[in-house]
Structure formats: structure tokens, C-alpha cells
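A.B. asks: Dropping the structure in here first, questions after.
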Amino acid sequence: MEKFNQHHGLVVPLDTANVDTDQIIPKQFLQKTTRTGFGQHLFHDRRYLDNLGNENNPEFVLNKPQYQGASILLAGENFGCGSSREHAPWALQEYGFLVIIASSFADIFYANCINIGILPVILPEEAIATLFQQSKEGLQHITVDLVASTVKTASAQYDFTIAPFHKYCLENGVDSVGWTLNKIAKIEDYEAKMPAWQ
Amino acid sequence: MVTTLYEKLWQSHIIEEKADETPLIFVDRHLIHEVTSPQAFANLKFHNRVLRHPERTIATMDHNISTRSIEINAAGEGAANQLRTLEKNCKEFGIELFGMGHKNQGVVHVIGPELGLTLPGTVIVCGDSHTSTHGAFGALAFGIGTSEVEHVFATQTLRQTKAKTMKIEVKGQVAPGISAKDIILAIIGKTGSAGATGYVVEYCGEAIESLTMEERMTVCNMSVEFGAKAGLIAPDAKTFDYLKGKDYAPKGEVWQQAVEDWQQLKSDSEAKFDSYLTLEAKEIKTQVTWGTTPGQVTQVDSVVPSPDDFTDPVERESCIAALKYMGLTAGTKITDIAINKVFIGSCTNSRIEDLRAAAAVAKGKKVSATVDAIVVPGSYRVKEQAEAEGLAQTFIDAGFEWRLPGCSMCLGMNDDVLTHGDRCASTSNRNFEGRQGRGSRTHLVSPELAAASAIAGHFVDLTSINSQVQGA
Numbered sequence: 264m265e266k267f268n269q270h271h272g273l274v275v276p277l278d279t280a281n282v283d284t285d286q287i288i289p290k291q292f293l294q295k296t297t298r299t300g301f302g303q304h305l306f307h308d309r310r311y312l313d314n315l316g317n318e319n320n321p322e323f324v325l326n327k328p329q330y331q332g333a334s335i336l337l338a339g340e341n342f343g344c345g346s347s348r349e350h351a352p353w354a355l356q357e358y359g360f361l362v363i364i365a366s367s368f369a370d371i372f373y374a375n376c377i378n379i380g381i382l383p384v385i386l387p388e389e390a391i392a393t394l395f396q397q398s399k400e401g402l403q404h405i406t407v408d409l410v411a412s413t414v415k416t417a418s419a420q421y422d423f424t425i426a427p428f429h430k431y432c433l434e435n436g437v438d439s440v441g442w443t444l445n446k447i448a449k450i451e452d453y454e455a456k457m458p459a460w461q
Numbered sequence: 259m260v261t262t263l264y265e266k267l268w269q270s271h272i273i274e275e276k277a278d279e280t281p282l283i284f285v286d287r288h289l290i291h292e293v294t295s296p297q298a299f300a301n302l303k304f305h306n307r308v309l310r311h312p313e314r315t316i317a318t319m320d321h322n323i324s325t326r327s328i329e330i331n332a333a334g335e336g337a338a339n340q341l342r343t344l345e346k347n348c349k350e351f352g353i354e355l356f357g358m359g360h361k362n363q364g365v366v367h368v369i370g371p372e373l374g375l376t377l378p379g380t381v382i383v384c385g386d387s388h389t390s391t392h393g394a395f396g397a398l399a400f401g402i403g404t405s406e407v408e409h410v411f412a413t414q415t416l417r418q419t420k421a422k423t424m425k426i427e428v429k430g431q432v433a434p435g436i437s438a439k440d441i442i443l444a445i446i447g448k449t450g451s452a453g454a455t456g457y458v459v460e461y462c463g464e465a466i467e468s469l470t471m472e473e474r475m476t477v478c479n480m481s482v483e484f485g486a487k488a489g490l491i492a493p494d495a496k497t498f499d500y501l502k503g504k505d506y507a508p509k510g511e512v513w514q515q516a517v518e519d520w521q522q523l524k525s526d527s528e529a530k531f532d533s534y535l536t537l538e539a540k541e542i543k544t545q546v547t548w549g550t551t552p553g554q555v556t557q558v559d560s561v562v563p564s565p566d567d568f569t570d571p572v573e574r575e576s577c578i579a580a581l582k583y584m585g586l587t588a589g590t591k592i593t594d595i596a597i598n599k600v601f602i603g604s605c606t607n608s609r610i611e612d613l614r615a616a617a618a619v620a621k622g623k624k625v626s627a628t629v630d631a632i633v634v635p636g637s638y639r640v641k642e643q644a645e646a647e648g649l650a651q652t653f654i655d656a657g658f659e660w661r662l663p664g665c666s667m668c669l670g671m672n673d674d675v676l677t678h679g680d681r682c683a684s685t686s687n688r689n690f691e692g693r694q695g696r697g698s699r700t701h702l703v704s705p706e707l708a709a710a711s712a713i714a715g716h717f718v719d720l721t722s723i724n725s726q727v728q729g730a
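Chain order of the listed sequences is A and B.
Taken in order, the first sequence gives residues 264 to 461; the numbers are from my numbering.
Taken in order, the second sequence gives residues 259 to 730; the numbers are from my numbering.
Structure below.
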């Protein structure tokens, strides 16, 4: 997993609440057995007018010329709800997003992001509203600093909280399976004490 | 110490809890399927790691299989590749697989309970968000992503942040004809689509205790649809009766010990929850979703809401967008909404009791000429039982298609998809935009209402249908 410390990038505002993982990556693209090849299908039904993905929908925010190269997704509340498909954050990452900022995330989606090295930033609703307003008024490049746990815009700085272990894993690109395998003795101790039915 | 059921499950599974690390918990049962496991197996092999407990891992084929044929190739090349990959991986790692044509094959959340793989007091995970279903047995059960599937493969553990707790009490008894699906949709209608994010919810109260095990599964299944990490119902005599003698359930002395331990699995009466929600069962009516999240739901004798009905600006905007996508006008009577597709199936509503309820409505009637309706049983066992009881014939005689078990049109990964503009009464769990096919419109309902709508060609107030059935 890539290490994440600080990122400066262009924000693209996706001002919709309850964006579910079916929207992020529709089911017809889930038949791959690899972790790659999902970026081109990100937000397929909203991004393309045709089923083959040849014709861009000019109305969709990701297709607007000014947002090309955006690496920070500013999203509505309850982002990533629904299906547990990790294909959703894989698609977002492959498209080029390193950070997603929202007032709330669905639990499984949040964990999936941490596990693949996307930083999900939770900010209060008022801060999100301000960021949306500013992003709509003009292009906004911001700095997201995981070490300091801050989001810096041209006019303000917002602090965010993240669980210490999540922060540690992202900062150091920790192989979480390897980390747990170092504790195998503790797992064995637990297993030895389990009741027979368990 | 006074504790909740969740706290008891949590404490009995903690391996390590340190200040600077996310707690590590043991996983008793890992259910896998073809769609969310291949990348986890690939990484396991890449790192040359062993799968710690193949005997705690069970695989089935369900998500993208054909419901018309048990041939692996019948679902198309991409699906066939995933299914063959699952076969290969299960063989290589020594995992029991219920593949196509196997008598135990079926939708993962249907077969777990029916085989006794789902036990009270255990932690159950699966790379599928509707793993919350198994909470109906007093198991801590939740969906995980593929990286976590890999973590469970290698370590039989997961790192989990402790959730907050919510008590949802449904007081009194529901009126006759009100199903478990109506109860959970009514709950989601109250909380909204993210009302329980960060929480494990425990359902209780007379109306919940009165439910059969299959009905409890329907309730817990949709916990994730209002954001809950998991849903729980304390196990009781019904739970133990259901599990006793099931293929994978403990036997003999181990069973006796298990039941003794399971009887302790309930929230203490003085236990404090972080949040509370109370509903009066008698106020719950037949539910129909009108929008594009399960929280956008109303009762069948009501009308499509107007954006002006919502004071919250986000809910208002969501209503405007949903009405546009759904092609609905505010103020339209729900019973005036015509449908052209019906899907009876999914991990929410494809068990034998669901099929009995739908068949009772369909018996002696005909599916409307304007409707295509399919019934997809949740497993081979459900299919066989439904055929033995004559339910399958009832559906066929009424003009429903009787299919093979699988996830089918719930998520439309196979060829059971809706086309643009189709409007479907569906017993599944998600009415998201495009979920059942691009541009398709999904209304979530109970099996009874799905069957009745198939016959009428539009939603109907079941109380009138019921009186017709009783009068016939």
C-alpha cells in the first residue's frame, strides 16, 4: 500500500447525498478477478450517456473540463452506502482520487478506503457546505495533511479526526495482514480457550 | 456488570484491545462467494500465505449465476470465469464449496441459517453487506470488503472499531397481514438511510419476539439499509428449535452446552444503549418505497410525497431527484402506480415462508397481461420444498416464472435485469438508481404485496386483497 502523508490537489464537488456503491461502480463491472480495470467505469451510469462508455455525459461534474486531473472528491453525506464492494474504492483510486471528503461515510466503505490507502476525511456539515460553495465559485486546490490531520484551503483550516491506528497504517503503508500475523500467538491463545460449539 | 447483547458478543471475541490499535476480534465463520473473493485469494497467494482455518470458511455460488440453468457457462464469460476461479481457489485451499447443482447451493444468507452454519454467539462475516441477516440468531454478523476477506483468510480475525449501540423496540403486535418486511421498512422510514451509521442495532419488543426465525432474518437483513454495522435479535427458544438438528449445528453434549451458553445472550434489563427508537406495531401499515433509497418509503394507502413535505434541505433535494428518476408525480396515489415487472426473491425475501405468503395471494389468480413476474427461491432446499408443497405449481399456474436459486434480479449481475423505464415491485433490499438495470425503477415491497401487484398490474391495498382471498 502506498504511504500517505500530505496531498495538495484539485477538488471536484459531487453534491449529492447518499451516493451508493452501485452508482460508484455498477454491477456489470464486478466480474473481474483483478483489482485493476475499474477506473474507466467509475460512476458509469452518470458519467456516460451510452452503455458502452463511449459518450461522455457533459452534465456530469467529473466530465467538466475544469475538473480534469482532480484528486480530491468532495461528496455529500452518507457517501459509499450500500453494497460492500471494494471495487468502489478501487475504481475511485484508479481514477485518481487520493482523498474523499464528506460529512459522513458508510461504515464498510470507510474501512475499505483505509485498507487500500484512500484517505476518507470527515468534516462537520458547515465546513462541507463552505467547501462546496467555494468549489462552485471557482477552482479550489487544497492541502490535506494527514500528519497534522488538517484540511487547508486558501481561506481556512479545518481539523479532522481519524482513529490513531488508521492514521498509522495510512502514513506507513502498513500491510495490515502482515501486522496481524505478527500476533499469531495471541490468536492461538484465544483459539485454545474457545468453547467446543464455537 | 450490566451489559448489552452486543457488548457480550464483543467481549467474547476480543483477542487484543490496545489504546493505539484498532481492536482485534476473532471470526468464527467466514462465508464467501464468487464476486468478492478472487482478489483476496490472489493476494494470499502473492504473499505466499496460508489460509488459517479452511474449516471455518464456506463457499457458495450465488451472485452472478444463471437462474435458468445450472451450467456455469450459462451466465456469460465474465461470470463463468469468476465461478471457475472460485472452484479452483476452494480446491487449492481446502474450502467446502456448494457449487452449481449442489444440494446445499443457494444465496449465501439463505444457506447459512438453513444449514446451521449460523450460530448464536458467533462472529460471522462475508464479503457482502447483507451479512447482517445472520444477526437474527444473536450472532454478530456484518459485511466486509475484499481486503478484509483476505485478512480473515490469513488470520481468522478482523480489526474492528467498537460500534455504538441502538435499541429499537417495536411495541405490541402488528395488525394481521403486516409482514416483517413492512416492519423493517417502517423502521428505515423513521431513521432515514443513514440513521444507524456507526451503530449496532438490537431489535426487541413484543412484535419482534413474535416473529418466526425467517421473519427475523428479513428484519436483520435490512439493518445495513439504514447504515447499521449489524442488527441483532436475542436468541430464544425459537432460535434453538430452528437450529436443532441442522446439518452443521452442534450435536449431542456440545449442543446442550451451546444452548446453555446461548441462553445468556441477551441485553441485561438495566443495560444502557447509546440511542433508542420505539415504534408502536399497530401503527405499521403495508410499506412501499417510492424513491431511490430504502428510507424513501411510505404506506400503500398513501400518496407519493412532495419535496415540500421535507424541511431538511438534503431530504428535499433527494426527493426532487428521486421523483425525477422514478418518473413519479407528487400526490399520486401509491395504488395508482402501474408496474410491469415483479421480482420475488433475494436474501431478504426468498425463504419458504416468503414463498408461502406470496403463493397464498397468487393461488387461483393470474398475473396481469402487462406484467412479467419471476420467483427465485433462495436455495436449492427452498426450491425443493416449495415444489413439494405445490407452491411452485401455484406460481406457474398463475403465470409467474419459476426459476433456479440465486441472487438474480436483486442486483442484476446475471441476465435477470430490468431495462430502461421498467417499473418493478421487488421483494429485494435496494431501490438505488440503476440497481436492477440502468434506468430501471424499483419499489421495495413484501412478498405478499409483490404477488398482489403482479396480479393487479399496480400496487394494491392488501387489506382489500386479503378480504377477497378469505371470501373466496
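Yeah, the Cβ is synthetic: ideal placement off N, Cα and C, and Gly gets one too.
#1: Measuring CB to CB, does V285 (chain B) end up less than 7 Å from V410 (chain B)?
#2: Give the residues of chain B in contact with Y453 (chain A), contact being defined as C-beta atoms less than 8 Å apart.
#3: Would you check if the distance between the CB atom of V561 (chain B) and the CB atom of K591 (chain B) is smaller than 7 Å?
#4: In terms of residues, what are the limits of the beta strand (DSSP E) holding T700 (chain B)?
#5: Pull up the DSSP beta-bridge partners for K429 (chain B), would you.
#6: Would M424 (chain B) and Y457 (chain B) qualify as a contact pair, given that the criterion is a beta-carbon distance under 7 Å?
#7: At least one CB of chain A closer than 7 Å to the CB of F395 (chain B): is that the case?
#8: Check whether the Cβ of M664 (chain B) lies closer than 7 Å to any Cβ atom in chain A.
#9: Can you list, in chain order, the residues of its chain with a C-beta nearer than 6 Å to that of G729 (chain B)? Leave out the 5 residues immediately preceding and following it.
#10: Can you name, in chain order, every residue of its own chain whose Cβ lies under 8 Å from the Cβ of S412 (chain A), other than the five neighbours on each side?
#11: Of the residues that make up the segment 681-708 of chain B, which ones have a beta carbon closer than 7 Å to any beta carbon in chain A?
#12: Where D680 (chain B) and N598 (chain B) are concerned, what is the direct C-alpha to C-alpha distance, given to the nearest angstrom?
#13: Would I446 (chain B) and G553 (chain B) be called neighbours here (beta carbons separated by less than 7 Å)?
#14: Determine whether the beta carbon atoms of V636 (chain B) and V383 (chain B) lie at a separation below 7 Å.
#15: Given a cut-off of 7 Å, decide if G336 (chain B) and Q303 (chain A) are closer than it, judged by their beta-carbon atoms.
#16: Relative to the alpha-carbon of A486 (chain B), which residue among B:Y638, B:S704, B:K422 and B:L344 has its alpha-carbon at the smallest distance?
#17: Could you tell me the distance, in whole angstroms, from the CA atom of A317 (chain B) to the CA atom of L394 (chain A)?
#18: Please name the residue or residues paired with C668 (chain B) in a DSSP beta bridge.
#19: Taking a Cβ distance cut-off of 8 Å, strictly less, list which residues of the segment 289-304 of chain A are near chain B, in chain order.
#20: Exposed or buried, what is T476 (chain B) when buried is set at 16 or more other beta-carbons lying within 10 Å of its beta-carbon?
#21: So that I know if they touch, is there some Cβ in chain A lying closer than 7 Å to that of E473 (chain B)?
#22: Taking C-beta pairs closer than 7 Å, name the residues in chain A that H291 (chain B) reaches, listed in chain order.
#23: Strictly below 8 Å CB to CB, what residues from chain B border E340 (chain A)?
#24: For N306 (chain B), is the classification buried or exposed, using 16 other Cβ atoms within 10 angstroms of its Cβ as the cut-off for buried?
#25: Residues of chain A with CB under 9 Å from H409 (chain B), in chain order?
#26: Quick check on DSSP: helix, strand or coil for L375 (chain B)?
#27: If the criterion is Cβ atoms closer than 7 Å, does the pair E388 (chain A) and S366 (chain A) meet it?
#28: Can you give me the start and stop residues for the alpha helix (DSSP H) that T343 (chain B) sits inside?
#29: Consider the Cβ of N281 (chain A): report whether some Cβ of chain B lies at a distance smaller than 7 Å.
#30: Tell me whether T721 (chain B) sits in a helix, a strand or coil according to DSSP, three-state version.
#31: Scan the segment 377-445 of chain B and note each continuous alpha helix (DSSP H) run of 4 residues or more that stays entirely inside, going in chain order.
#32: Residues of chain B with a CB under 7 Å from the CB of K430 (chain A): which are they?
#33: Which residue comes first and which comes last in the alpha helix (DSSP H) that contains S711 (chain B)?
#34: Over what stretch of residues does the beta strand (DSSP E) that includes A352 (chain A) continue unbroken?
#35: Counting only C-beta atoms, is M671 (chain B) closer than 7 Å to chain A at any point?
#36: CB T404 (chain B) to CB I353 (chain B), shorter than 7 Å?
C.D. replies: According to the structure shown:
#1: yes
#2: I273 and F284
#3: yes
#4: R699 to L702
#5: B:E538
#6: Inclusion of M424 (chain B) and Y457 (chain B) in the CB contact set at 7 Å is warranted, their separation being smaller than that value.
#7: Residue-level contact check: F395 (chain B) does not touch chain A, since none of the beta carbons of chain A fall below 7 Å from its beta carbon.
#8: Position check: residue 664 (chain B) holds Gly in this sequence, whereas Met was assumed. It does not: the Cβ of G664 (chain B) has no partner Cβ on chain A nearer than 7 Å.
#9: Low confidence applies to G729 (chain B): its pLDDT is 41, below 50, so where it sits in the model is not reliable enough to give any reading.
#10: D422, F423, T424, I425 and K430
#11: R688, F690, E691, G692, R693 and R696
#12: 6 Å
#13: Result yes, Cβ atoms of I446 (chain B) and G553 (chain B) sit closer than 7 Å.
#14: Here the sequence assigns Gly to residue 636 (chain B), which means Val is not the residue at that position. Not closer than 7 Å, so no.
#15: no
#16: B:K422
#17: 45 Å
#18: Partner(s): none; C668 (chain B) has no beta bridge.
#19: P289, K290, Q291, L293, Q294, K295, T296, T297 and R298
#20: buried
#21: Under the 7 Å criterion on CB atoms, E473 (chain B) is classed as non-interfacial with respect to chain A.
#22: Here the premise fails: no neighbours, minimum Cβ distance about 11 Å.
#23: Correct list: A452 and V572.
#24: exposed
#25: N378, S439, V440 and T443
#26: The three-state reading of DSSP puts L375 (chain B) in coil, since its state is none of H, G, I, E or B.
#27: yes
#28: Residues E335 to F351.
#29: yes
#30: Assignment of T721 (chain B) by DSSP, reduced to helix, strand and coil, places it in the helix class.
#31: Within the segment 377-445 of chain B, complete alpha helix (DSSP H) segments of at least 4 residues are found at 404-413, given in chain order.
#32: Those within 7 Å of K430 (chain A) in chain B number zero; the least Cβ separation is about 10 Å.
#33: P705 to A714
#34: A small correction: the amino acid at residue 352 (chain A) is Pro; Ala does not occupy that position in the sequence shown. Run containing P352 (chain A): none in the beta strand (DSSP E); it sits in the alpha helix (DSSP H), H350 to Y358.
#35: yes
#36: no
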